[in-house]
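Protein chains in written order, with this note's numbering: chain A, 3 to 630; chain B, 132 to 517.
Where a beta carbon is used, it is the ideal one built from N, C-alpha and C, also for glycine.
Notes follow the structure.
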Amino acid sequence: MRRHARARASFTRRALLIGVGQAAVFAGITARLYHLQVGDHDKYATMAKQNSISERLVAPERGVMTDRFGAIIAGNQQHWRALFMKAMAPEPDAVLENFYRLVPLSDEEKTRIAQDLADRPGYIPVLLKDWLDWPDMALIEVNTPNLPGVVVEEGSSRVYPLGAVAAHAVGYVARPDQQEAKQDPVLALPGMRVGRSGAEDANDLALRGSPGFVQTETNVHGEVVRVVAQDAGTPGRTVALALDAGLQQFAMQGLGNQTGAVVMLDATNGEVLALASTPAFDPALFDKGVPKDVWNAWMQDPHHPLLNKAAAGLFAPGSTFKPTVALAALKCGALTPDTILTCPGSLQLGDHVFWCDNHVAHGSINLVTALQVSCDVFFYKTALMTGINRIAEMAGLMGLGVDLGSDIPHAQTGLVPTLDWARGHHIHWVQGSTVVQGIGQGYTQLTPLAQATMIARIASGNAVTPHLTRRVGGALHPDSVPGAAPPLGVDPRHLAIIRQALFDVVNTPAGTAYASRLTLPGVQMAGKTGTAQVHNNSAAEKMKNFDDMTMAWERRPHAWFVAYAPYDNPRYAVSVLIEHGNFGAQTAAPLAHDLMTYALLHDPAGRDVPLANPPPEPPSTMPQGESA
Amino acid sequence: MIGQSEIGLRRPFRERSFGLARKLGRVNWLFVLCLCLLAGVGYAALYSAAGGSSSPYALSQLTRFCTGLALMLCIAMVDIRILEKFSWPAWVLGVVLLVAVLKFGHVGLGARRWMTVGGVEIQPSELMKLFLVMALGSYFKRATPEQTGSLLFVAPAIAATLLPMVLILKEPNLGTAVITGAVGATVMLGAGVRWWWFALVAVVIGVCAPVIYDHLHAYQKARIDIFLNPGSDPLGAGYNIIQSKIALGSGGFFGQGFLHGTQNQLNFLPEKQTDFVFTIIAEEFGFFGSVAVLGLLMAIVALAYYTALSCDHVYGRLVALGIATNFFLYCFVNLSMVMGLIPVGGVPLPLISYGGSALTAVMLGFGVLMSIHVHRDVEFAEREDF
Numbered sequence: 003m004r005r006h007a008r009a010r011a012s013f014t015r016r017a018l019l020i021g022v023g024q025a026a027v028f029a030g031i032t033a034r035l036y037h038l039q040v041g042d043h044d045k046y047a048t049m050a051k052q053n054s055i056s057e058r059l060v061a062p063e064r065g066v067m068t069d070r071f072g073a074i075i076a077g078n079q080q081h082w083r084a085l086f087m088k089a090m091a092p093e094p095d096a097v098l099e100n101f102y103r104l105v106p107l108s109d110e111e112k113t114r115i116a117q118d119l120a121d122r123p124g125y126i127p128v129l130l131k132d133w134l135d136w137p138d139m140a141l142i143e144v145n146t147p148n149l150p151g152v153v154v155e156e157g158s159s160r161v162y163p164l165g166a167v168a169a170h171a172v173g174y175v176a177r178p179d180q181q182e183a184k185q186d187p188v189l190a191l192p193g194m195r196v197g198r199s200g201a202e203d204a205n206d207l208a209l210r211g212s213p214g215f216v217q218t219e220t221n222v223h224g225e226v227v228r229v230v231a232q233d234a235g236t237p238g239r240t241v242a243l244a245l246d247a248g249l250q251q252f253a254m255q256g257l258g259n260q261t262g263a264v265v266m267l268d269a270t271n272g273e274v275l276a277l278a279s280t281p282a283f284d285p286a287l288f289d290k291g292v293p294k295d296v297w298n299a300w301m302q303d304p305h306h307p308l309l310n311k312a313a314a315g316l317f318a319p320g321s322t323f324k325p326t327v328a329l330a331a332l333k334c335g336a337l338t339p340d341t342i343l344t345c346p347g348s349l350q351l352g353d354h355v356f357w358c359d360n361h362v363a364h365g366s367i368n369l370v371t372a373l374q375v376s377c378d379v380f381f382y383k384t385a386l387m388t389g390i391n392r393i394a395e396m397a398g399l400m401g402l403g404v405d406l407g408s409d410i411p412h413a414q415t416g417l418v419p420t421l422d423w424a425r426g427h428h429i430h431w432v433q434g435s436t437v438v439q440g441i442g443q444g445y446t447q448l449t450p451l452a453q454a455t456m457i458a459r460i461a462s463g464n465a466v467t468p469h470l471t472r473r474v475g476g477a478l479h480p481d482s483v484p485g486a487a488p489p490l491g492v493d494p495r496h497l498a499i500i501r502q503a504l505f506d507v508v509n510t511p512a513g514t515a516y517a518s519r520l521t522l523p524g525v526q527m528a529g530k531t532g533t534a535q536v537h538n539n540s541a542a543e544k545m546k547n548f549d550d551m552t553m554a555w556e557r558r559p560h561a562w563f564v565a566y567a568p569y570d571n572p573r574y575a576v577s578v579l580i581e582h583g584n585f586g587a588q589t590a591a592p593l594a595h596d597l598m599t600y601a602l603l604h605d606p607a608g609r610d611v612p613l614a615n616p617p618p619e620p621p622s623t624m625p626q627g628e629s630a
Numbered sequence: 132m133i134g135q136s137e138i139g140l141r142r143p144f145r146e147r148s149f150g151l152a153r154k155l156g157r158v159n160w161l162f163v164l165c166l167c168l169l170a171g172v173g174y175a176a177l178y179s180a181a182g183g184s185s186s187p188y189a190l191s192q193l194t195r196f197c198t199g200l201a202l203m204l205c206i207a208m209v210d211i212r213i214l215e216k217f218s219w220p221a222w223v224l225g226v227v228l229l230v231a232v233l234k235f236g237h238v239g240l241g242a243r244r245w246m247t248v249g250g251v252e253i254q255p256s257e258l259m260k261l262f263l264v265m266a267l268g269s270y271f272k273r274a275t276p277e278q279t280g281s282l283l284f285v286a287p288a289i290a291a292t293l294l295p296m297v298l299i300l301k302e303p304n305l306g307t308a309v310i311t312g313a314v315g316a317t318v319m320l321g322a323g324v325r326w327w328w329f330a331l332v333a334v335v336i337g338v339c340a341p342v343i344y345d346h347l348h349a350y351q352k353a354r355i356d357i358f359l360n361p362g363s364d365p366l367g368a369g370y371n372i373i374q375s376k377i378a379l380g381s382g383g384f385f386g387q388g389f390l391h392g393t394q395n396q397l398n399f400l401p402e403k404q405t406d407f408v409f410t411i412i413a414e415e416f417g418f419f420g421s422v423a424v425l426g427l428l429m430a431i432v433a434l435a436y437y438t439a440l441s442c443d444h445v446y447g448r449l450v451a452l453g454i455a456t457n458f459f460l461y462c463f464v465n466l467s468m469v470m471g472l473i474p475v476g477g478v479p480l481p482l483i484s485y486g487g488s489a490l491t492a493v494m495l496g497f498g499v500l501m502s503i504h505v506h507r508d509v510e511f512a513e514r515e516d517f
């Protein structure tokens, strides 16, 4: 035991000695720290401020967007800009004074610069002036000694070769706001832009890239002596959209001065081949900042040029809703293909009369004929037999009134009412509400994008999802992979009946869109017209039998046409909406005819390289024959 | 009844064991608190290193710390007599890993130090220090003063220290090799090996230093050269020392403020989240903050000494002394490096620097330390074949 005690005492002695030694070392470190941090503080603080090596981040070049054939639709243009590195300037305020004397700036800009300087960390340069011209650059170069910390850098800004033509599809970029810049310092870099709408927004992260840096050695005056190291960063990836620039241009031309929207999809995979909305705007304006007067003009325009009517414009679908009602009725057994209903020209429900279009009596007809001639009374009755919830359920399958999961930002889901919805909104649902639902009036509101999805789904029998993006950095978008779309879940026999009816609409003399049938050899289009009332017309207007051209523009009905082709092997699906364009057959269907002809001749679907020898443009005349 | 008490009388020292709850109560919670406070400081520093963001460093490091803490407490629950039985097998495992890392390890910063085992990144040299301490503790746990005075008895212990040192030097990792040797020497000193032997070795090393310098790797020589004259190549290897000193010096008494250190936020120090993490604290919280961190580090060393001194068995005393010294040397080398007192070497600041393998090794060591603390009054059998 004594041996143990002696050993322990020896250990304690030695351990304490080692411990004291280590404590002494700690004390030495503390003393050294005091010397460095407190004693020599002034010396090192000055060194830190005038640190001879300084690094600043450089904005990466934003990725380019092309159409499916590689034509640039959002590119970059080089220009020069002046930046200011606070950390490199011994007296930042004096430098700014000097700069303002050489390059006058507005008070607004000066306030922004002061704000940025206060907000941002030192390694993020602050933008003084973008788009320097040669006189400015020369002045800055000559006065470099008086401007320590001012750097002239080549930057890039966004250009859109198609201008307004693809504005809504491609979207635009803008400077990040203060909030975003605070959250992600990279966004605070001058020249960084974020996508604000359209494909620029949808693919923003892929397009951004990651920043590089420049390390420079500066002398005591803050002048750059040499560049020590630099790295250009990683430019954003190239995004190929599914758009066909030619088709897009053609669609915009076709819409012309009319207010409206066109969406053309690849019916097999949902790729957006054209997405047009009129009136449009010049997206390049956002990059530099929209001038006030232009902005005010946009805001006051009753045609809402900034609204992407194709994806976010909500319109009653009118008769283009009938195929959906028919499918719902077939599914629940309310109708069979052979069911005959009688149209006496109107339907009396209680003390209210629901008229057929033009007050025409269609007599005893079946489903196919009812769609062909677009009989309203047939669908009033069908809606009553089917019920509002079943119609909404089928609409959901068709992509109507539901979130499509598309990559198009700010797309609206629209509305197809259900009894629950009505209860939730304290709406007393009456039978009459269901009746008008049968012809796509009432509460139903849909976007042209959803309508195109609906017709593409009927055409292909697959639940295709519309999407703008085809390839990111060369890799095919998952939805663009052939066979990616799941089956629709609708009885193929029912779809065949509807397709037959839609064929008759366009290709039989009694059909409402017979005048817009295709003139290409061996190819047929199937489609459905729609004329959606937007105004509860007065008795006087009703007496005139909707002689719409005498009505004020904003009271005229919207003209719809949805179609697909070729009939026997669907590849293209289109929806055309002319806002207040009167009858669908009159304004929307002819445009759909032109677009479909263009698409079938150039056949962009599924291709990354355009057809080597596209057939010559057809004469822009409509087929001969009596119109319906 | 009689039979039971007879057994109790005959084997009194082997049967001292406690329930889990009692063991948890015996953990030195003040020590655990100090660890958590340091981890908190580390979180703040790494948050700042990422420019005011918990990713990519701070959050993942905190996760590692929590895992390490759980691991430590689990080890602390294991009877130190059981851990002792694994001392030599652990040493053998450490040597095997060191050989393996030379053969299969991946190269980082010009040296083969790391390897991946089952998805976990490990640095065998860090584990080796702990295993060496345990092996030496086991070797000396029953040594008499006569034995510790005999060179023949001590020679195997010296060999057990030198072998891993040589393997670590081959990686090459001069800093860790020197720490390994120093830790081994400290354990031997605590075990009662003669004072003047250590003095002799120190003199011999001093005399041989120029010869050793000739045999160093070019980059190791460069580090020493630059340390002696940092201004000679301001953009090259001397850059780190200069920038690190500027960061410390510009901190002043109360610092430039959290997230406002220019040296840190302007990225003057590459990889500042690892070896140079102390500069972030020093720059943003000043001398005040630096001393607070030093105080916490010292408290951990002091509490480890407390465990060593209050332990009733030789094994626990020696291992606790070794772990305390290892931690101390870690801090010393890192802080001296950051302050430009010794040449730069890849030694992180324990519990604060970003990185998993060093943290895991430190927490493993603390697990053994806590097991010693929990089982400080158990008795080891006099002889192995009892």
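**Q.** C-beta contact flag for A/H582 and A/V507 at 9 Å
**A.** Counting from 1 along the first sequence, the entry for residue 582 of chain A is found at position 580. Counting from 1 along the first sequence, the entry for residue 507 of chain A is found at position 505. No, the Cβ-Cβ distance between A/H582 and A/V507 is not below 9 Å.
Q) Does the beta carbon of B/R448 sit closer than 9 Å to a beta carbon anywhere in chain A? A) The residue you call residue 448 of chain B lines up with position 317 of the second sequence. Closer than 9 Å to some Cβ of chain A, the Cβ of B/R448 qualifies, so yes.
Q: Measuring only between beta-carbons, confirm whether A/L18 sits less than 9 Å from chain B.
A: As a first step, residue 18 of chain A is located in the first sequence; it is residue number 16 there, counting from the start. Cβ-Cβ to chain B under 9 Å: yes for A/L18.
Q: Examine the Cβ distances between the segment 459–466 of chain A and the segment 182–200 of chain A and report whether three or more of them are shorter than 8 Å.
A: no
**Q.** Closer than 9 Å to chain A by CB, B/G382
**A.** Within the second sequence, the letter at position 251 stands for residue 382 of chain B. When Cβ-Cβ separations below 9 Å define contact, B/G382 makes contact with chain A.
Q | Test: A/D233 CB closer than 9 Å to a CB of chain B | A | By 1-based counting over the first sequence, the position of residue 233 of chain A is 231. Chain B contact via Cβ: absent.
Q: Tell me whether A/H582 sits in a helix, a strand or coil according to DSSP, three-state version.
A: Here residue 582 of chain A refers to the residue found at position 580 when the first sequence is read from its first residue. Coil, per DSSP.
Q. Residues of chain B with a CB under 8 Å from the CB of A/Y174: which are they?
A. For the purposes of this step, residue 174 of chain A is identified with residue 172 of the first sequence, where counting begins at 1. Neighbours of A/Y174 on chain B: none; closest Cβ ~29 Å, over 8 Å.
Q: Count the CB pairs spanning the segment 260–268 of chain A and the segment 276–285 of chain A that are closer than 8 Å, and state whether there are at least three.
A: yes
Q) Quick one: what does DSSP say A/A694 is sitting in, helix, strand or coil? A) Any question about residue 694 of chain A goes unanswered here, given that chain A covers just 3 to 630.
(Q) Rounding to the nearest angstrom, what Cα-Cα distance links B/H504 and B/V445 in this structure? (A) Position 373 of the second sequence, counting from 1, holds the residue named residue 504 of chain B. Position 314 of the second sequence, counting from 1, holds the residue named residue 445 of chain B. For B/H504 and B/V445, the distance between alpha carbons rounds to 13 Å.
**Q.** C-alpha gap between B/F284 and B/A322, whole angstroms
**A.** As a first step, residue 284 of chain B must be located in the second sequence, where it is residue number 153. As a first step, residue 322 of chain B must be located in the second sequence, where it is residue number 191. Rounded to whole angstroms, B/F284 to B/A322 spans 12 Å at the Cα level.
Q. Which residues in the same chain as A/W300 place their Cβ atom closer than 6 Å to its Cβ, once the five residues preceding and following it in sequence are excluded?
A. In the first sequence, counting from the first residue as 1, residue 300 of chain A sits at position 298. Closer than 6 Å at Cβ, skipping near neighbours: P307, L308.
Q) Using a Cβ cut-off of 9 Å, which residues of the segment 311–331 of chain B contact any Cβ in chain A, in chain order? A) Going along the segment 311–331 of chain B in chain order, one finds T317, L320, G321, A322, G323, W326 with a Cβ nearer than 9 Å to chain A.
(Q) Against chain A, with Cβ distances strictly below 9 Å, would B/V509 count as a contact? (A) Taking the second sequence and counting its residues from 1, the one referred to as residue 509 of chain B is at position 378. Judged by the 9 Å Cβ criterion, B/V509 is not in contact with chain A.
Q | Supposed contact pair A/Q414 and A/A503 - C-beta distance, whole angstroms, cut 8 Å | A | What you label residue 503 of chain A is simply residue 501 of the first sequence in a count that begins at 1. What you label residue 414 of chain A is simply residue 412 of the first sequence in a count that begins at 1. So it is not a contact: roughly 28 Å between Cβ atoms.
Q | beta strand (DSSP E) segment containing A/H354, residue limits | A | The residue you call residue 354 of chain A lines up with position 352 of the first sequence. Per DSSP, A/H354 belongs to the beta strand (DSSP E) from 354–357.
(Q) Considering Cα atoms alone, identify which of A/D95, A/L98, A/P178, A/A314 is closest to A/F288. (A) Indexing the first sequence from 1 puts residue 288 of chain A at position 286. Taking only the C-alpha atoms, the option nearest A/F288 is A/P178.
Q.
Just to make sure I have the definition right: I need the residues of chain A whose C-beta is within less than 8 Å of the C-beta of B/A176. Which are they?
A. Counting from 1 along the second sequence, the entry for residue 176 of chain B is found at position 45. Per Cβ cutoff of 8 Å: no residues; B/A176 is ~16 Å from chain A at best.
Q: Can you grab the Cα-Cα spacing for the pair A/L18 / B/D345, in whole Å?
A: Taking the first residue of the first sequence as position 1, residue 18 of chain A is located at position 16. Taking the first residue of the second sequence as position 1, residue 345 of chain B is located at position 214. The alpha-carbon atoms of A/L18 and B/D345 are separated by roughly 37 Å.
Q: Just the C-alpha distance for A/G214 and A/P237, rounded to the nearest angstrom, thanks.
A: For this step, residue 214 of chain A is matched to residue 212 along the first sequence. For this step, residue 237 of chain A is matched to residue 235 along the first sequence. Straight-line Cα distance between these residues: approximately 9 Å.
Q. Are A/A370 and A/P339 touching if we call contact CB-CB under 9 Å?
A. Locating residue 370 of chain A in the first sequence gives position 368, counting from the first residue. Locating residue 339 of chain A in the first sequence gives position 337, counting from the first residue. It should be pointed out that residue 370 of chain A corresponds to Val in this sequence rather than to Ala. Result yes, Cβ atoms of A/V370 and A/P339 sit closer than 9 Å.
Q. Roughly how many whole angstroms lie between the Cα atoms of A/N509 and A/A528?
A. Position 507 of the first sequence holds residue 509 of chain A. Position 526 of the first sequence holds residue 528 of chain A. For the pair A/N509 and A/A528, the Cα-to-Cα distance works out to about 8 Å.
Q. Sorted by chain position, which residues of the same chain lie with C-beta nearer than 6 Å to B/I473's C-beta, five sequence neighbours on each side aside?
A. Counting from one through the second sequence, the residue named residue 473 of chain B turns up at place 342. Around B/I473: S467.
(Q) So A/P633 contacts chain B; which residues on that side make the cut at Cβ distance below 8 Å? (A) Given a span of 3 to 630 for chain A in the structure shown, any question on residue 633 of chain A remains unanswerable.
Q.
Within a Cβ cutoff of 8 Å, which residues of the same chain sit near A/H469, ignoring the five residues on either side of it in sequence?
A. For the purposes of this step, residue 469 of chain A is identified with residue 467 of the first sequence, where counting begins at 1. Correct list, in chain order: A244, G272, E273, V274, S408, D409, I410, H479, D481, S482.
Q: Evaluate A/S212 with the Cβ neighbour count: other Cβ atoms within 10 Å of its Cβ, from every protein chain shown; 16 or more gives buried, anything less gives exposed.
A: If you number the first sequence from 1, residue 212 of chain A lands on position 210. With fewer than 16 other Cβ atoms within 10 Å, it is exposed.
Q.
Let me confirm a value: A/D135 is counted as buried when at least 16 other C-beta atoms fall within 10 Å, else exposed. Which label applies?
A. Start at 1 with the first residue of the first sequence, and residue 135 of chain A comes out as number 133. A/D135 comes out exposed.
Q: Could you tell me how far apart the beta carbons of B/G337 and B/F385 are, in whole angstroms, since I believe they sit closer than 8 Å?
A: Residue numbering aside, residue 337 of chain B sits at position 206 when the second sequence is read from its first letter. Residue numbering aside, residue 385 of chain B sits at position 254 when the second sequence is read from its first letter. Contact flag wrong, Cβ pair sits at about 41 Å.
(Q) Taking the alpha helix (DSSP H) that A/A561 belongs to, which residues open and close that run? (A) In the first sequence, residue 561 of chain A corresponds to position 559, counting from 1. Membership of A/A561 in any alpha helix (DSSP H) is not indicated; the residue belongs instead to the beta strand (DSSP E) covering 560–567.
Q: Report the option in A/W555, A/F505, A/N584 whose CA atom is closest to the CA atom of A/P572.
A: Within the first sequence, residue 572 of chain A is the residue found at index 570, counting from 1. Taking only the C-alpha atoms, the option nearest A/P572 is A/F505.
Q. Taking Cβ positions only, does A/A91 come closer than 9 Å to chain B?
A. Taking the first residue of the first sequence as position 1, residue 91 of chain A is located at position 89. False, the Cβ-Cβ gap to chain B never drops below 9 Å.
**Q.** A/V438 at chain B interface by Cβ criterion, 9 Å
**A.** For the purposes of this step, residue 438 of chain A is taken as the residue at position 436 of the first sequence. With 9 Å as the cut-off, A/V438 does not count as an interface residue toward chain B.
Q) Buried or exposed: which applies to A/P419, given that a residue is buried once 16 or more other Cβ atoms fall within 10 Å of its Cβ? A) Residue mapping note: residue 419 of chain A aligns to position 417 of the first sequence, counting from 1. Buried, by the Cβ-count rule.
Q) B/I343 to A/V154, Cα distance in whole Å? A) Locating residue 343 of chain B in the second sequence gives position 212, counting from the first residue. Locating residue 154 of chain A in the first sequence gives position 152, counting from the first residue. Near 52 Å, if we compare the C-alpha coordinates of A/V154 and B/I343.
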